[in-house]
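Student: Protein chains in written order, with the working numbering: chain C, 1 to 131; chain F, 1001 to 1187.
Okay, here's the thing in structure tokens:
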């Protein structure tokens, strides 16, 4: 595959989400705050990511500017991760989350996700990525 | 609108500190109170507000505040919910620990009251709350409606003990944590 294809960007309440496919790599960026009112949008966006990432090797999710995620949004993220884990082995890929160590909730919540889905999920601490 | 009363900010001393607010169906309030609680806790327990993101402990308490307020906002009729946070010297060890108590109160129908009681009972009965939380997450990932994770997240990620009181058609959820005075540590 040549070039880069965008995944439909979405914004709801305080959350914005965008993504792109470049060869076997999919990059996703979540910014703002995922809370009440953003779950439906996040569900739709992650469903699009699931489709767009078919055949890819890795999805990198940049959460370094995601200030907060409520439990409903955490469930949305988890549902997507579990769907990836449920894929047949040949189509399964790795999800690598870039986290911000200054956002303490990420340490706790992402640790919980890794405890559950460590076979497909990695978390890498980063500072805030430049936009 | 914020309708608050504060007992004042005790700067890292033994003076109790208290904040309360009533809130209607305004999701923006959650973000405001979450940020406020983090700052409030850091000022009271650490004597200062840390730069930008606050302390680890303040982050735990603000997460608990957010989750409990969101439950009250989603399930309580408009205009009937309240939130409070109290930071006192721990009566069992006032020189070395704080007792933090977060309360939300909202009108709740019998079904919601029963659901919250059942969830808190299951949490308190579990020998390993973390394993219980991970089990809930696994079940939640395959369930279309509702996360059902909020209370367990408060218990495990914010490390707070939870209880509830039913008073007629009102439900009060209480989260408590004993926090060491540790200005040089994680807060």
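Positions of the beta carbon are idealized from the N, C-alpha and C atoms, including for glycine.
From residue 1100 of chain F to residue 1090 of chain F, what distance separates their C-alpha atoms?
Tutor: 8 Å
Student: Please classify residue 1089 of chain F: does DSSP put it in a helix, a strand, or coil?
Tutor: Correct three-state label for residue 1089 of chain F: strand.
Student: By Cβ distance below 6 Å, which residues in the same chain neighbour residue 1076 of chain F in space, the five residues on each side in sequence not counted?
Tutor: Within the same chain, 1106, 1107 come within 6 Å of residue 1076 of chain F by CB-CB distance, once the 5 residues on both sides are set aside.
Student: Output yes if chain F places a C-beta closer than 8 Å to the C-beta of residue 94 of chain C; else output no.
Tutor: no
Student: Among F:1035, F:1044, F:1154, which one has its Cα closest to the Cα of residue 1174 of chain F?
Tutor: F:1154
Student: Any beta carbon from chain C within less than 8 Å of residue 1150 of chain F's own beta carbon?
Tutor: yes
Student: Here's a check: name, in chain order, each residue in its chain whose Cβ is nearer than 6 Å to the Cβ of residue 41 of chain C, leaving out the five neighbours to either side.
Tutor: 10, 12
Student: What span of residues does the beta strand (DSSP E) with residue 1146 of chain F cover, start to end?
Tutor: No beta strand (DSSP E) holds residue 1146 of chain F; DSSP gives it neither H nor E.
Student: So with CB distances below 9 Å, who are the chain D contacts of residue 41 of chain C?
Tutor: Included in the structure are the protein chains C and F, with no chain D among them.
Student: Buried or exposed for residue 1070 of chain F, please, with buried defined as at least 16 other CB atoms from any protein chain shown within 10 angstroms of its CB.
Tutor: Counting Cβ neighbours within 10 Å, residue 1070 of chain F comes out buried, since at least 16 surround it.
Student: Under three-state DSSP, which class holds residue 9 of chain C?
Tutor: Three-state result, residue 9 of chain C: strand.
Student: If I follow the unbroken beta strand (DSSP E) through residue 32 of chain C, where does it start and stop?
Tutor: Its beta strand (DSSP E) spans residues 25–34.
Student: Secondary structure at residue 122 of chain C, three-state DSSP: helix, strand or coil?
Tutor: Looking at residue 122 of chain C - three-state DSSP - the assignment turns out to be strand.
Student: What does DSSP give as the partner residues of residue 98 of chain C in its beta bridges?
Tutor: C:62, C:124
Student: Roughly how many whole angstroms lie between the Cα atoms of residue 1176 of chain F and residue 1065 of chain F?
Tutor: 11 Å
Student: Quick check on DSSP: helix, strand or coil for residue 1068 of chain F?
Tutor: helix
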